[in-house]
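The structure appears right after this line, and notes come after that.
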Amino acid sequence: MDHAIETSGLTKHYGRVTALADVSLHVDTGSVFGVIGPNGAGKTTMMRLLLDIIRPSAGSARVLGRSPREGAQRLRRNIGFVPGDLRLEGRVTGRQLLRHYARISGPVAPRAIDTLAERLGLDLGKQVRTLSKGNKQKLGLVQAFMHDPALLVLDEPTSGLDPLVQQEFLTMVREAKQNGQTVFLSSHVLSEIQQAADSVAILREGRIVTISDVDSLRLTAVRRVRVGITGSSPDAVRRVLEEVPHLSELTVGDGDGVRVTARVEGEIDPFVKAIGVFRVSDLAVEEPDLEESVLRLYGAPKTHHSGGREPNDVR
Amino acid sequence: MSGEALPLFRRALGDSWRSLVAWSLGVGAAIALYVPLFPSLGGNPDVQELLDSLPPELVNAIGYDQITTGAGYTQSTFYGLIGLMLLTIAATAWGTAAIAGDEETGSLELTLAHGVSRTQVVLERTAALAVRLGWLALLSALVVIALTDSAGLGIEPQNALAAAAAIFALTFLSGTLAIAVGGVTGRRVYATAAGAGIAVVAYALNAVANQGENVDWLHAWSPYHWAYANSPLAEGADWGGLGLLLGLSAVFLAIGLAAFSRRDLVT
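Right, dumping it as structure tokens:
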């Protein structure tokens, strides 16, 4: 079995609304596959189809070699799932809830639950309904990982988690991969996908825009930079930076030293090397903006204004 | 392996023990309040006079025509009215929560993403409903048996159990219909309306059918009549009626299961 997930023409309509249109992709066994796209792009619909929570209008999927419908509960024992809209309630403690899920999933190693809870900093003794959004999300992660499933399907797994826990989660994904497990995850945070995934599909309005390996995606990342420089004149700074490739929207101001803002597309390295000749008093590089990166992949005009975050602006 | 059996059944019971305790107190209290009044109400000639002065249509409709016997009194006050109401509400609430409620809160999605089939979810939760409802019915019989001598009801223990079986089967119908409608639609409001609705219709059909010979045929369509026509508190179990009620519950479940297994989860 080379492909943990294989879909062909997978389509889902809700009445006249098309949630997913003709999606064909495959996820190599033992790889980490990311799906990114704006809200409503079809990420959640796709994952629900893989879990047989909903059924396709057309096309087909194979998960671990089985169709989700026919594989049914035996197939799902080999999958760990975090739903995008995770809602956990109840007067039971986290530990009791996890024991319940352990009974209805694959076998869970004796210490697995405690180990995972410790790693994520989750108190298992508290009642589930009293937990914060982030802690409920941790419970969701533990129940997905605890039985070492062959396939992890994770819909926005880091939503509500603080940055340290997000890093721990990324470590867990890397370990899962080393274990030979396959991870299929969605996110709207590009850096997360870049750190974790081998390949990535970009989904928009239910369609796949592109599937590529993560390295080529990185080239299209769009970052905003702010630099403070002392001991140089604005003109000297401008002359150097105008030579940097893929740099646009350059502003050079004179105030408390030289203030520079710009937009850098793709690799950040030429820019960093270029400002290395100056005395840098301040440097901020913003997270690559997913929306902007996705827009780049649509071939949006280069002069596209920074305020334009609506995908509809493109066409 | 036995420790791992029926996980959804056990979770359903574990999650609802508080509500079961509350319902038990309610059912116990209702009987314990009504039954000791029998000597001063049902056995009282003045009350009989009062009933005679009322329009017979009213007396027939609420089933108070047998109130002068211990069995008739207990039937009219508890099994035919207050107890029926309590158990119907409990069954409808539990039946609604089993599928539709769990689906609307979003937790059913995560349960079904695990190694369980939809059929298993419906059946185990139906079993949990049956156990809880069965307990409430049994409890009512136990209280009646405990009080029959002091209140002078003259009800045989096996007949009290027969009445418990009748009220169980009748209200189980509301529970299974709520589960089935949840299975078909996934909507809490429809499930509750259906569970409560069938109880109201059954009661109303029976009340209308009591009015005379020209409407007597309506009895055949009333689950209330199936359960109580042969006065289980006085005459013992009516197996035909019980069979009919449980059979209809089975039909509801089969329809609910078929639809639930085929449709998308509402999310």
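Top line first, the protein sequences correspond to chains H and X.
Mapping of the first sequence onto my numbering: residues 44 to 358, in sequence order.
Mapping of the second sequence onto my numbering: residues 132 to 398, in sequence order.
Glycine included, every Cβ here is placed at the ideal spot set by N, Cα and C.
**OP:** For the alpha helix (DSSP H) containing G314(X), list its first residue and its last residue.
**Re:** P288 to T316
Original post:
With a Cβ-Cβ cutoff of 8 Å, do I97(H) and L243(X) count as a contact?
Top reply: no
Original post:
Which ranges would you report for the alpha helix (DSSP H) in the region 333–376 of chain X if only whole runs of at least 4 residues count?
Top reply: 354–359 and 363–366
Original post:
So what's G114(H) in DSSP terms, helix, strand or just coil?
Top reply: helix
Original post:
Is the beta carbon of V151(H) sitting closer than 8 Å to the one on M90(H)?
Top reply: no
**OP:** May I ask you to report which of helix, strand or coil DSSP gives H46(H)?
**Re:** strand
Subject >> Three-state secondary structure (DSSP) of G351(H) >> reply: Confidence at G351(H) is low in this model, with a pLDDT of 36, below 50, so its placement is unreliable and the value that follows should be read with caution. In this structure, G351(H) counts as coil in the three-state DSSP scheme.
Subject >> Cutoff 6 Å; reference T279(X); Cβ partners in own chain excluding five residues on either side >> reply: I286
Original post:
How big is the Cα-Cα spacing for G237(X) and A143(X)?
Top reply: 16 Å
Original post:
What residues from chain H crowd round G440(X), counting only those whose CB sits closer than 7 Å?
Top reply: Since the first residue of chain X shown is 132 and the last is 398, residue 440(X) is not available in this structure.
Subject >> D65(H) in three-state terms, based on DSSP >> reply: strand
Original post:
Under a CB-based cut-off of 8 Å, is R115(X) close to chain H?
Top reply: Because chain X here runs from 132 to 398, residue 115(X) falls outside it and cannot be looked at.
Original post:
For the candidate residues D205(H), P200(H), T72(H) and T50(H), whose alpha-carbon lies nearest to that of Q221(H)?
Top reply: T72(H)
Original post:
What did DSSP end up calling H143(H) once you bin it into helix, strand or coil?
Top reply: helix
Original post:
Under the three-state reduction of DSSP, which class applies to R217(H): helix, strand or coil?
Top reply: helix
**OP:** Can you give me, in chain order, the residues of the region 73–104 of chain H that have a beta carbon less than 9 Å from any beta carbon in chain X?
**Re:** T87, R91, L94, D95, I96, I97 and R98
Original post:
Mapping DSSP to helix, strand and coil, what is G232(X)?
Top reply: helix
Subject >> Cutoff 7 Å; reference A258(X); Cβ partners in own chain excluding five residues on either side >> reply: F140
**OP:** Return the CA-CA distance between V243(H) and A324(X), expressed in angstroms with no decimal places.
**Re:** 47 Å
Subject >> First and last residue of the uninterrupted alpha helix (DSSP H) at V226(H) >> reply: Careful: V226(H) lies outside any alpha helix (DSSP H), inside the beta strand (DSSP E) at T225 to S230.
Original post:
Looking at the C-beta of A229(X), does it have a partner C-beta in chain H at a distance below 8 Å?
Top reply: no
Original post:
Closer than 8 Å, CB to CB, is Q32(H) near chain X or not?
Top reply: Outside the displayed span of chain H (44 to 358) sits residue 32(H), for which this structure offers no information.
Original post:
Interface residues of chain H around V315(X) at Cβ under 8 Å?
Top reply: Residues of chain H passing the Cβ test: none, with the nearest at roughly 16 Å.
Subject >> Neighbouring residues, chain H, relative to L396(X) (Cβ below 9 Å) >> reply: R91, I96 and I97
Original post:
So with Cβ pairs under 8 Å, would you call L53(H) a contact of chain X?
Top reply: no
Subject >> Pair within 8 Å by beta-carbon distance, T301(X) and Y355(X) >> reply: Here residue 301(X) turns out to be Leu, not Thr, going by the sequence shown. In contact: L301(X) and Y355(X) (Cβ atoms closer than 8 Å).
Original post:
Can you find at least 3 beta carbon pairs, one from the region 164–172 of chain X and one from the region 202–212 of chain X, that sit closer than 8 Å?
Top reply: yes
Original post:
Comparing the C-beta of V247(X) with each C-beta of chain H, is any distance below 8 Å?
Top reply: yes
Original post:
Within the 8 Å Cβ cut-off, does S175(H) reach chain X?
Top reply: no
**OP:** Say whether chain X places a C-beta atom closer than 8 Å to the C-beta of I156(H).
**Re:** no
Original post:
Name the chain H residues whose beta carbon is nearer than 7 Å to that of L243(X)?
Top reply: I96
**OP:** Figure out for me which residue from L167(H), F124(H) and I236(H) has the closest Cα to the Cα of L239(X).
**Re:** F124(H)
**OP:** Closer than 8 Å by beta-carbon distance: list the chain X residues that pair up with Q116(H), in chain order.
**Re:** H245, G246, V247, S248 and Q251
Original post:
Hey, is the region 61–77 of chain H in contact with the region 125–139 of chain H, meaning 3+ C-beta pairs nearer than 8 Å?
Top reply: no
Original post:
What is the rounded straight-line gap between the Cα of L181(X) and the Cα of G313(X)?
Top reply: 45 Å
Original post:
Any idea if E255(X) is buried or exposed, counting beta-carbon neighbours within 10 angstroms, 16 or more meaning buried?
Top reply: buried
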